[in-house]
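**Student:** This is the structure, below, for whatever I ask next.
Residue numbers (our numbering), protein chains in the order written: chain A, 1 to 115; chain B, 116 to 275.
Shown next, in the form of C-alpha cells:
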C-alpha cells in the first residue's frame, strides 16, 4: 500500500485533494509534490488539501507543504488546508506555520474563502 | 522495570527511516510509553535518523547509521550514530524566526528538541557524530491516572 493516497475531485473551480496516509520523507513527500506540480501544469491553481486522513507528517512533509504553498502562490493561485488532525495542528502551531496557512474545519467554509 | 536495549544497523538510504520509525514504535510500546509520548519520540527518531543519513552520511550506502534504544524505568535514551564529518548544531538557524518560516527544510533539529527532554551531539574520536536524546515518560496507566485525578479535582471545585 502506498504511503500516501491522494484522490482528486472538483468543487466548482477549486480542486480538492483528499489525502490519506503519511507525508514523510521519501514516497509521501514526493507524492504530494508530484500532485501539486501536475495540477499547476493543468492550470488548476485553487487547491484545497483535505488532511483529515493524514495521521503523520515529518519535517520533510512540513517542508513540502511550505514548498507547495510557495509554488502555488508564485503561480497566482491559492492553497488552503482542511480538517487538520490535532497532531498536525499542534505541529503547525509549534513551527509557527499556522500563521502562514489558511486552515479550516469544514469544507464549505474553506471553499467560501477562495477568491 | 528491567532495562531493555535494541540496536539497529541501517543502510544510508531514505527507505530505512521507516524501518527505524517502526522499530522505535515497537520498542516504546514494550517500555510502556503512552501513545501521546510515543508520537513525539517517533518523530524525534525519524528526524535524527534522516539527518544522519542525509546530512551525516550524505546518503552513501556504504556507510551505516546505528540506532540504539535503551529504556530504564521511566526514561528512554536513543542514540543515533553516523559516519559523517560532523556539524555545529548552534549554526542551525531557528526555523520559527519569521525570516526562516518559509524555508522548506531545517526543522528536524527543532522538532527533536521539542519532543525530547535532552538532545546532545557528540563527535566520536573514531570519526562520525552521535546524537543522544533522552526522554522521561509516563506510562499509559500513569497518564490515565493523572487524567482521572485532574478530572476529579476539577469536579471537586465549587462552581463559580
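A virtual CB, placed ideally from N, CA and C, is assigned to each residue, including glycine.
Label residue 51(A) either buried or exposed according to how many other C-beta atoms from any shown protein chain fall within 10 Å of its C-beta, with 16 as the threshold for buried.
**Tutor:** The residue given as residue 51(A) occupies position 51 in the first chain. Residue 51(A) should be labelled buried.
**Student:** Quick one: which chain A residues come within Cβ less than 7 angstroms of residue 147(B)?
**Tutor:** One-based indexing of the second chain puts residue 147(B) at position 32. The premise fails here: residue 147(B) is roughly 21 angstroms from chain A at the closest Cβ pair, so nothing lies under 7 angstroms.
**Student:** Could you pull out every residue in the same chain whose Cβ sits closer than 7 angstroms to the Cβ of residue 210(B), ignoring the five residues on either side in sequence?
**Tutor:** If you number the second chain from 1, residue 210(B) lands on position 95. These residues qualify, in order along the chain: 218, 221, 222 and 225.
**Student:** Give the secondary structure of residue 243(B) by DSSP, where H, G and I count as helix, E and B as strand, and everything else as coil.
**Tutor:** Sequence index remark: in the second chain, residue 243(B) carries index 128 (1-based). Coil.
**Student:** Note down, in chain order, all residues in the segment 88 to 111 of chain A with a beta-carbon under 9 angstroms from any beta-carbon belonging to chain B.
**Tutor:** Cβ contacts with chain B come from 91, 94, 95, 96, 97, 99 and 100.
**Student:** Counting only Cβ pairs nearer than 9 angstroms, list the residues of chain B close to residue 23(A).
**Tutor:** Position 23 of the first chain holds residue 23(A). Correct list: empty, because the minimum Cβ distance to chain B is about 12 angstroms.
**Student:** Determine, using beta carbons only, whether residue 35(A) and residue 48(A) come nearer to each other than 8 angstroms.
**Tutor:** On the first chain, position 35 is the one that residue 35(A) refers to. On the first chain, position 48 is the one that residue 48(A) refers to. No. Outside cutoff.
**Student:** Could you name each continuous alpha helix (DSSP H) segment of 4 residues or more that falls completely within the segment 133 to 188 of chain B, going from the start of the chain to the end?
**Tutor:** The segment 133 to 188 of chain B contains these whole alpha helix (DSSP H) runs: 150 to 166.
**Student:** Are the C-beta of residue 15(A) and some C-beta of chain B separated by less than 8 angstroms?
**Tutor:** Position 15 of the first chain holds residue 15(A). No, because no Cβ of chain B sits closer than 8 angstroms to the Cβ of residue 15(A).
**Student:** Look at residue 194(B) and residue 228(B) and say whether their C-beta atoms are less than 8 angstroms apart.
**Tutor:** The residue labelled residue 194(B) in the question sits at position 79 within the second chain. The residue labelled residue 228(B) in the question sits at position 113 within the second chain. Going by C-beta atoms, residue 194(B) is not nearer than 8 angstroms to residue 228(B).
**Student:** Would you give the residue range spanned by the beta strand (DSSP E) that residue 30(A) belongs to?
**Tutor:** Counting from 1 along the first chain, the entry for residue 30(A) is found at position 30. It is not in any beta strand (DSSP E) - residue 30(A) instead sits in the alpha helix (DSSP H) that spans 27 to 41.
**Student:** Using only the alpha-carbon positions, how far apart do residue 146(B) and residue 168(B) sit?
**Tutor:** The count along the second chain starts at 1 and reaches residue 146(B) at position 31. The count along the second chain starts at 1 and reaches residue 168(B) at position 53. Roughly 26 angstroms separates the two Cα atoms.
**Student:** Counting pairs of Cβ atoms below 8 angstroms between the segment 82 to 92 of chain A and the segment 133 to 144 of chain B, do you hit three or more?
**Tutor:** Cβ pair count under 8 angstroms is below three, so no.
**Student:** Run through DSSP, which three-state label would residue 87(A) get?
**Tutor:** In the first chain, the residue the question calls residue 87(A) occupies position 87. Looking at residue 87(A) - three-state DSSP - the assignment turns out to be helix.
**Student:** Can you give me the Cβ contacts of residue 102(A) inside the same chain, cut-off strictly under 6 angstroms, excluding the 5 residues immediately before and after it?
**Tutor:** By one-based count along the first chain, residue 102(A) stands at place 102. Excluding residues within five positions, the ones whose Cβ falls inside 6 angstroms are 80.
**Student:** Can you check whether the CB of residue 185(B) is closer than 8 angstroms to the CB of residue 118(B)?
**Tutor:** Here residue 118(B) refers to the residue found at position 3 of the second chain. Here residue 185(B) refers to the residue found at position 70 of the second chain. Their beta carbons are under 8 angstroms apart, which means residue 118(B) touches residue 185(B) by this criterion.
**Student:** Distance check for residue 250(B) and residue 160(B), CA to CA, integer angstroms please.
**Tutor:** As a first step, residue 160(B) must be located in the second chain, where it is residue number 45. As a first step, residue 250(B) must be located in the second chain, where it is residue number 135. Each residue's Cα considered, the two are about 12 angstroms apart.
**Student:** Secondary structure at residue 100(A), three-state DSSP: helix, strand or coil?
**Tutor:** Counting from one through the first chain, the residue named residue 100(A) turns up at place 100. Of the three classes helix, strand and coil, the one that applies to residue 100(A) here is coil, per DSSP.
**Student:** Quick one: which chain B residues come within Cβ less than 8 angstroms of residue 62(A)?
**Tutor:** In the first chain, counting from the first residue as 1, residue 62(A) sits at position 62. Going along chain B in sequence order, the residues near residue 62(A) (Cβ under 8 angstroms) are 222.
**Student:** List the residues of chain B that residue 70(A) touches, going by C-beta distances under 7 angstroms, in chain order.
**Tutor:** Indexing the first chain from 1 puts residue 70(A) at position 70. Neighbours of residue 70(A) on chain B, chain order: 217.
**Student:** Nearest-angstrom Cα distance between residue 111(A) and residue 266(B)?
**Tutor:** In the first chain, counting from the first residue as 1, residue 111(A) sits at position 111. In the second chain, counting from the first residue as 1, residue 266(B) sits at position 151. So the two alpha carbons sit approximately 39 angstroms from each other.
**Student:** Would you please verify whether the beta carbon of residue 58(A) is less than 8 angstroms from any beta carbon of chain B?
**Tutor:** The residue labelled residue 58(A) in the question sits at position 58 within the first chain. Chain B, which has a Cβ nearer than 8 angstroms to the Cβ of residue 58(A), makes this yes.
**Student:** So for residue 77(A), helix, strand or coil by DSSP?
**Tutor:** Taking the first chain and counting its residues from 1, the one referred to as residue 77(A) is at position 77. It is coil, neither helix nor strand.
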